[in-house]
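Asks:
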Amino acid sequence: MCLAVPGKVTSIDGNQADVDFGGVVRKVNVSLVEATVGEWVVVHAGFAIEKMDEEEAKETLELWNDLLDQEEEL
Amino acid sequence: MFRLRNEVAAQRILDSIRKEDVNLRFMHVCGTHQDTLVRFGLDPMLREVGIEIRQGPGCPVCVTTTAEVANAIALAEAGRTIAVFGDMLKVPTPIGSLGDAKARGHDVRIVYSVEDAVRLSSEVKHMVFMGIGFETTSPTTAAVMVEKLPDNFSVYSCHRLLPPALHAIINMGEFRIDGLIEPGHVSAIIGVDPYQVFSTKYGIPQVVTGFEPLDLLMAVHMLVKQIKEGRAQVENEYGRLVKKEGNPKAIKLLERVFRPVDSAWRGFPMIPQSAYDLKEEFDDHNARLVHEDVLKDRPPVEEEHRGCRCGEVLRGIIESHECPAFGKGCTPRYPMGPCMVSREGGCNIAFRYQGKM
Chain R
435 MCLAVPGKVT
445 SIDGNQADVD
455 FGGVVRKVNV
465 SLVEATVGEW
475 VVVHAGFAIE
485 KMDEEEAKET
495 LELWNDLLDQ
505 EEEL
Chain C
935 MFRLRNEVAA
945 QRILDSIRKE
955 DVNLRFMHVC
965 GTHQDTLVRF
975 GLDPMLREVG
985 IEIRQGPGCP
995 VCVTTTAEVA
1005 NAIALAEAGR
1015 TIAVFGDMLK
1025 VPTPIGSLGD
1035 AKARGHDVRI
1045 VYSVEDAVRL
1055 SSEVKHMVFM
1065 GIGFETTSPT
1075 TAAVMVEKLP
1085 DNFSVYSCHR
1095 LLPPALHAII
1105 NMGEFRIDGL
1115 IEPGHVSAII
1125 GVDPYQVFST
1135 KYGIPQVVTG
1145 FEPLDLLMAV
1155 HMLVKQIKEG
1165 RAQVENEYGR
1175 LVKKEGNPKA
1185 IKLLERVFRP
1195 VDSAWRGFPM
1205 IPQSAYDLKE
1215 EFDDHNARLV
1225 HEDVLKDRPP
1235 VEEEHRGCRC
1245 GEVLRGIIES
1255 HECPAFGKGC
1265 TPRYPMGPCM
1275 VSREGGCNIA
1285 FRYQGKM
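Which chain is which? The protein sequence lines are R and C, in order.
435 is the number of the first residue of the first sequence in my numbering; add one for each residue after it.
935 is the number of the first residue of the second sequence in my numbering; add one for each residue after it.
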């Protein structure tokens, strides 16, 4: 139920947007987020529930790398 | 390139947990977390390094009560069209399932989104959308309520709030919880703050996390670290999606459309302020009022099928395979309870992947 899938916004018309899920494009309601074309959103039950933060995603990966590197050194 | 499913990284995280030499029990409250744990075989790997993870009441279909499902069936039998998410169809009740009602010719529609139900209203006399789900899903219902709605569209709200259930399970104290893994997509809406109380009041370490195998392993790693360092805080591993304040637009909509009410959950006694009913402003679209003639004076139904231990699975007291009916009298084809029906239910997940366990 709480399964949500990330996709990229390709066009927006009012509350409805085209979102590209790795090649499959579907209409998604974007009224719950302030999304613009080119941004990533996470979609649940036909609605974008939040934007995916690309910078944060990179930071998470860096954090993991750092943490694992530190432990490797210990 | 470091990927979310990097096996080497996974092994390193497991090794670092093993070094801590712990024996801990964590709880998560999300069917999608359970799916990741079992599908990727993380559950046995974590047990080997001293971590047991139980699924709590984190499956919306599962926590919906038999009475609620029976009411939806009664509405269908009374000539209303019921729109539901597919997972609800096979939940058994003493008067059958919504799927049985459909097979008998009553109008039960499977929808992917509440918007589908609104659109279908033009084809039918009375459309009732059965709204289930936690704070991930309730904003989608709220979003359509503030738009112009067809006169014949109503919502039978069975939406639940997650934090009150966490309060309930901690206060019931049926087993030790050393740490909580909080659900990423509920948290994307409500943010991190609603969980603070469980750390400050009860001293439970918590991590909000995502749904990739490494997200879950990192969450476990972070919980172990908190425990070893004597800390109890809410940490956010899923910063790529979850903001501290959540999604303010969605929260505002929830506050505008819904009011929290006391509610029973499957497997639990009444949990205070744990469900959403529509506010008065939406009375004209509240199925409980619009179709009161059908719903009033409904006979009480027995909540659990005799022999079904779904309630105990939902409270994390037993694991699916400890139920004598698991895989015998109760299978996804012939489920005795919703934990075997829903793809987010612990029993369904265990049954589907047991070959990989």
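Even for Gly, the Cβ is constructed at its ideal location relative to N, Cα and C.
#1: Using a C-beta cutoff of 8 Å, does isoleucine 483 of chain R count as contacting chain C?
#2: Compare the C-beta of proline 1128 of chain C with all C-beta atoms of chain R and state if any pair is closer than 8 Å.
#3: In or out: valine 1126 of chain C buried (at least 16 other Cβ within 10 Å) or exposed?
#4: DSSP state of phenylalanine 1087 of chain C, grouped into three classes?
#5: Taking only the alpha-carbon atoms, compute the straight-line gap between glycine 1173 of chain C and valine 1275 of chain C and give it to the nearest angstrom.
#6: Measure the Cβ-Cβ separation of serine 1254 of chain C and glycine 1271 of chain C and say whether it is below 8 Å.
#7: Give me the chain C residues within the contact set of alanine 438 of chain R, using Cβ-Cβ distance strictly less than 9 Å, ordered along the chain.
#8: What whole-angstrom Cβ distance do valine 1235 of chain C and proline 1028 of chain C have, given they're in contact under 8 Å?
#9: In chain R, which residues lie with their C-beta within 9 Å of the C-beta of serine 1208 of chain C?
#10: What are the start and end residues of the alpha helix (DSSP H) that includes glutamine 1130 of chain C?
#11: Would you please state the rounded distance, in angstroms, between the beta carbons of threonine 1000 of chain C and phenylalanine 1145 of chain C? I believe it to be under 8 Å.
#12: Assuming cysteine 1257 of chain C contacts arginine 1243 of chain C (C-beta within less than 8 Å), just tell me the rounded distance between them.
#13: Once DSSP output is grouped into helix, strand and coil, what is the label at methionine 1291 of chain C?
#14: Just the chain C side, please: which residues come within less than 9 Å of serine 445 of chain R by C-beta, in chain order?
#15: Under 8 Å between the Cβ atoms of threonine 998 of chain C and isoleucine 1066 of chain C?
#16: Any beta carbon of chain C sitting closer than 8 Å to that of aspartate 487 of chain R?
#17: Check the Cβ of asparagine 1181 of chain C against every Cβ in chain R and list those closer than 8 Å, keeping chain order.
#18: Using only the alpha-carbon positions, how far apart do valine 471 of chain R and valine 1120 of chain C sit?
#19: Quick check: is the beta carbon of glycine 1289 of chain C nearer than 8 Å to any beta carbon in chain R?
#20: Would DSSP call proline 1234 of chain C helix, strand or coil?
#21: Would you kindly work out how many angstroms separate the C-alpha atoms of leucine 508 of chain R and leucine 958 of chain C, rounded to a whole number?
#22: Taking Cβ positions only, does valine 476 of chain R come closer than 8 Å to chain C?
#23: Throw me the rounded Cβ distance for the valine 1141 of chain C and alanine 1153 of chain C pair, which I believe falls under 8 Å.
#24: Do the CB positions of histidine 962 of chain C and isoleucine 987 of chain C come within less than 8 Å of each other?
#25: Near arginine 952 of chain C, what residues of its chain come up, given a Cβ to Cβ distance below 7 Å and the 5 sequence neighbours on each side ignored?
#26: Along the alpha helix (DSSP H) that carries asparagine 1105 of chain C, what are the first and last residues, could you check?
Replies: In this structure, then:
#1: yes
#2: no
#3: buried
#4: strand
#5: 32 Å
#6: no
#7: Thr966, Thr1070, Gly1118, His1119, Ala1122, Phe1145, Leu1175
#8: 5 Å
#9: Within chain R, no residue comes near serine 1208 of chain C; the closest Cβ sits about 17 Å away, beyond 9 Å.
#10: 1130–1134
#11: At roughly 29 Å, the Cβ-Cβ gap does not stay under 8 Å, so threonine 1000 of chain C and phenylalanine 1145 of chain C are not in contact.
#12: 4 Å
#13: Residue confidence is low: methionine 1291 of chain C scores 40 on pLDDT, short of 50, so the model does not pin down where it sits. Its coordinate-derived value is still stated next. If DSSP states are grouped into helix, strand and coil, methionine 1291 of chain C belongs with coil.
#14: None at all; the shortest Cβ gap to chain C is about 18 Å.
#15: yes
#16: yes
#17: Leu466, Val467, Ile483, Glu484
#18: 25 Å
#19: Only weak support exists for where glycine 1289 of chain C lies, its pLDDT of 47 falling under 50; the value from the coordinates is given anyway. Answer no: the Cβ-Cβ gap between glycine 1289 of chain C and chain R never drops below 8 Å.
#20: coil
#21: At leucine 508 of chain R, the pLDDT of 47 sits below 50, so the modelled position is not reliable; the number obtained from the coordinates is stated separately. Those two C-alpha atoms are separated by around 23 Å.
#22: yes
#23: 4 Å
#24: yes
#25: Val983
#26: 1096–1106
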